[in-house]
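**Q** Below: one structure in structure tokens.
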Amino acid sequence: MPIFWDSGCVDEDHSTFLPQLGLWEAAMARLLQPPPKFLPAEWHMANENQYHRAEAERSRSERLVAESQRLVEEIGKTTRKSQSDVNKKLEQRLEEVRFWKKELDDKLEELVCTTEDLLTYRTRLENALESLKEPLHITQMCLEYREKRVGVDLVHDKVEEELVKEAEITRGVTALLTRTLEEVSEQIRLNRSAKYNLEKDLKDKFVALTIDDVCFSLNNNSPNIRCSENAVKVEPHSVSPEDWLEFSNANVEKAAKQRSSSLALKALVDRILSQTAGDLRRQCDAVDAAFRDGLQETKGARDKLAAHLAKVMEEIACQEKNVTVLEKAIADQEGPAKVAHTRLEIRTHRPNVELCRDAAQCRLVREVQEIAHSVARLKETLARAQAELKGLNCRQLALQEEVQVKENTIYIDEVLCTHMRKSIPPRDGGDQGEWAGGPRPDAVR
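For the sequence shown, position 42 (counting from the first letter as 1) is numbered 42 according to UniProt numbering, and the numbering increases by one without interruption.
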């Protein structure tokens, strides 16, 4: 065969190139010689070697074909098993996500219902607070009206004590309901926060379910399937199954906690509304009873004063008659006194020894003295009668004034206060719906 060498391999130093040239020439000479002839044994041996080599190559090829078939079957089986496992994992994942989605849906529905109930309770509390304004105003007006009592009737009686107590209870109930309203509003805010977390988690789980449903429905013959180099990379924001489970469980537990707090708060509001309604009703009844008792006592005192006034006026009439009788009696004594004085004066003109202090003269003197004594007694009695009449007249004026004081008190308590208190709405401790914004939401449902 021809020998080619690269001229670029020739070194510029001919001393090293010449020996190499000689070796090449020798090799060329051997190649140009005729090939040697082989022996028959060598020929048979060469054929046998070719047979064995062909058989070995064929055996290796058969083994490789069998091994390839086994490998293909094994890889196919492994791939099918892996794909089946993936399908099972996807199905399990879908079931798990559906389970937690249902849990979240249930908690969301419960929380929404509870929040709606709390909104109703908040309205009831607002209505209850609004309904307290008018009774408190009425109580304060009653206290102001009763300050217009006069005289001895301006007394710190049982009615005033109960009215002051009613005002204090109403203010205390207002403060309690205000604090409770703030707690309900705060609980509504917490419920809405938990509701937001549930809705966000539900939205994410709905998207995840949609994606996994698509993945679960894919098979080897599905259209639009392709290989992606970045599909197997780990997303930097991905979480572990434990973190995922803890996140969903935390949302469920938070919602359950807020619902439990809401239910407890609803029960508290029911108790507060019932208790405060009962307290206000009992105090209102106590005030009304005090008004009734006070009016009964005041009217009794007025009637007694009126009876005494009638007796005094009757006695005044009698005393006036008595004064008239005494004045007439005094006037009646004037005639006999004049007669007696005239007789004595005339008898002083008797002459000489006839001017005798005889029995007639002595009797006339005693008569004059008796008449003077009687007139003095009559005048003294008349003075006493006139003084008594003056006292009776003063007592009449005092009794009339006191009766007017009692009438003024009765007008204030009965006409102004009691009539005004009839507009206070009833508060039944057993069902506070009448004064606290309607029936309970659970009763409606």
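Glycine included, each C-beta is placed from N, C-alpha and C at the ideal position. All figures in this text were calculated on a predicted structure; none of them were measured in a lab.
Do residue 312 and residue 395 count as a contact pair if the criterion is CB distance below 7 Å?
**A** Mapped onto the sequence shown, residue 395 falls at position 395. Mapped onto the sequence shown, residue 312 falls at position 312. The answer is yes: Cβ separation under 7 Å.
**Q** Measure the Cβ-Cβ separation of residue 252 and residue 107 and say whether it is below 7 Å.
**A** For the purposes of this step, residue 252 is identified with residue 252 of the sequence shown, where counting begins at 1. For the purposes of this step, residue 107 is identified with residue 107 of the sequence shown, where counting begins at 1. Contact flag set, yes.
**Q** Nearest to residue 117 by alpha carbon, out of 259, 238 and 70?
**A** Start at 1 with the first residue of the sequence shown, and residue 117 comes out as number 117. Ranking the options by Cα distance to residue 117, first place goes to 259.
**Q** DSSP on residue 426, reduced to helix/strand/coil?
**A** Sequence index remark: in the sequence shown, residue 426 carries index 426 (1-based). Of the three classes helix, strand and coil, the one that applies to residue 426 here is coil, per DSSP.
**Q** Should residue 291 go down as buried or exposed, given a rule of 16 or more other Cβ atoms within 10 Å for buried?
**A** Within the sequence shown, residue 291 is the residue found at index 291, counting from 1. Label assigned to residue 291: buried.
**Q** Could you check if residue 75 is buried or exposed, using at least 16 other CB atoms within 10 Å of its CB as the buried criterion?
**A** Stepping through the sequence shown from its first residue, residue 75 is reached at position 75. It is exposed - the Cβ of residue 75 has fewer than 16 other Cβ atoms within 10 Å.
**Q** Roughly how many angstroms lie between the CA atoms of residue 293 and residue 168, to the nearest whole one?
**A** Translated into the one-based positions of the sequence shown, residue 293 becomes position 293. Translated into the one-based positions of the sequence shown, residue 168 becomes position 168. Taking the straight line joining both Cα atoms gives about 22 Å.
**Q** Quick one, are the C-beta atoms of residue 283 and residue 166 less than 7 Å apart?
**A** The residue you call residue 283 lines up with position 283 of the sequence shown. The residue you call residue 166 lines up with position 166 of the sequence shown. In contact: residue 283 and residue 166 (Cβ atoms closer than 7 Å).
**Q** DSSP three-state label for residue 82, please.
**A** Residue 82 sits at position 82 when you count from the first residue of the sequence shown. Three-state DSSP puts residue 82 in a helix.
**Q** Grab me the residues of residue 322's own chain with a C-beta within less than 6 Å of its C-beta, minus the 5 sequence neighbours each way, in chain order.
**A** Within the sequence shown, the letter at position 322 stands for residue 322. So the list reads 385, once near-sequence residues are dropped.
**Q** With a 10 Å radius around its C-beta and 16 neighbouring C-beta atoms as the bar for buried, classify residue 257 as buried or exposed.
**A** Stepping through the sequence shown from its first residue, residue 257 is reached at position 257. Exposed, by the Cβ-count rule.
**Q** Three-state secondary structure (DSSP) at residue 113?
**A** Mapped onto the sequence shown, residue 113 falls at position 113. If DSSP states are grouped into helix, strand and coil, residue 113 belongs with the helices.
**Q** If you draw a straight line from the C-alpha of residue 164 to the C-alpha of residue 272, how long is it?
**A** The residue labelled residue 164 in the question sits at position 164 within the sequence shown. The residue labelled residue 272 in the question sits at position 272 within the sequence shown. Their backbone Cα atoms lie some 22 Å apart in a straight line.
**Q** Please tell me whether residue 70 and residue 212 are closer than 7 Å, where the distance is taken between their beta carbons.
**A** Here residue 70 corresponds to residue number 70 of the sequence shown, with the count starting at 1. Here residue 212 corresponds to residue number 212 of the sequence shown, with the count starting at 1. Result no, Cβ atoms of residue 70 and residue 212 do not sit closer than 7 Å.
**Q** Do you know how far the Cα of residue 393 is from the Cα of residue 341?
**A** The residue you call residue 341 lines up with position 341 of the sequence shown. The residue you call residue 393 lines up with position 393 of the sequence shown. Each residue's alpha carbon lies about 39 Å from the other.
**Q** Rank 181, 142 and 308 by C-alpha distance to the C-alpha of residue 424 and give the top, closest one.
**A** Your numbering for residue 424 matches position 424 in the sequence shown. Cα-wise, what sits closest to residue 424 is 142.
**Q** Tell me whether the stretch 326–342 and the stretch 299–310 touch, counting them as touching only if at least three CB pairs, one residue from each stretch, are closer than 8 Å.
**A** No: the two stretches stay apart, fewer than three of their Cβ pairs being nearer than 8 Å.
**Q** Just verifying my parser: in three-state terms, what is the DSSP assignment at residue 241?
**A** Translated into the one-based positions of the sequence shown, residue 241 becomes position 241. Residue state, collapsed to three classes: helix.
**Q** How long is the line joining the alpha carbons of residue 372 and residue 331, rounded to whole angstroms?
**A** Mapped onto the sequence shown, residue 372 falls at position 372. Mapped onto the sequence shown, residue 331 falls at position 331. One C-alpha to the other measures close to 12 Å.
**Q** Measure the beta-carbon distance from residue 132 to residue 173 and round it to whole angstroms, keeping in mind my assumption that it falls under 8 Å.
**A** As a first step, residue 132 must be located in the sequence shown, where it is residue number 132. As a first step, residue 173 must be located in the sequence shown, where it is residue number 173. About 6 Å; that satisfies the 8 Å criterion.
**Q** Can you tell me whether residue 121 is buried or exposed? The criterion is at least 16 other CB atoms within 10 Å of its CB, across all chains shown.
**A** For this step, residue 121 is matched to residue 121 along the sequence shown. Buried: at least 16 other Cβ atoms inside 10 Å.
**Q** Could you compute how far the alpha carbon of residue 361 sits from the alpha carbon of residue 316?
**A** What you label residue 361 is simply residue 361 of the sequence shown in a count that begins at 1. What you label residue 316 is simply residue 316 of the sequence shown in a count that begins at 1. If you take the alpha carbons of residue 361 and residue 316, they lie about 44 Å apart.
**Q** I'd like the span of the alpha helix (DSSP H) that includes residue 172, first residue to last.
**A** In the sequence shown, counting from the first residue as 1, residue 172 sits at position 172. Per DSSP, residue 172 belongs to the alpha helix (DSSP H) from 158–217.
**Q** Tell me whether residue 77 is buried or exposed, calling it buried when 16 or more other Cβ atoms sit within 10 Å of its Cβ.
**A** One-based indexing of the sequence shown puts residue 77 at position 77. Residue 77 should be labelled exposed.
**Q** Compute the Euclidean distance between the alpha carbons of residue 110 and residue 277, then round it to the nearest angstrom.
**A** In the sequence shown, counting from the first residue as 1, residue 110 sits at position 110. In the sequence shown, counting from the first residue as 1, residue 277 sits at position 277. Looking at the two C-alpha atoms, the distance is approximately 30 Å.
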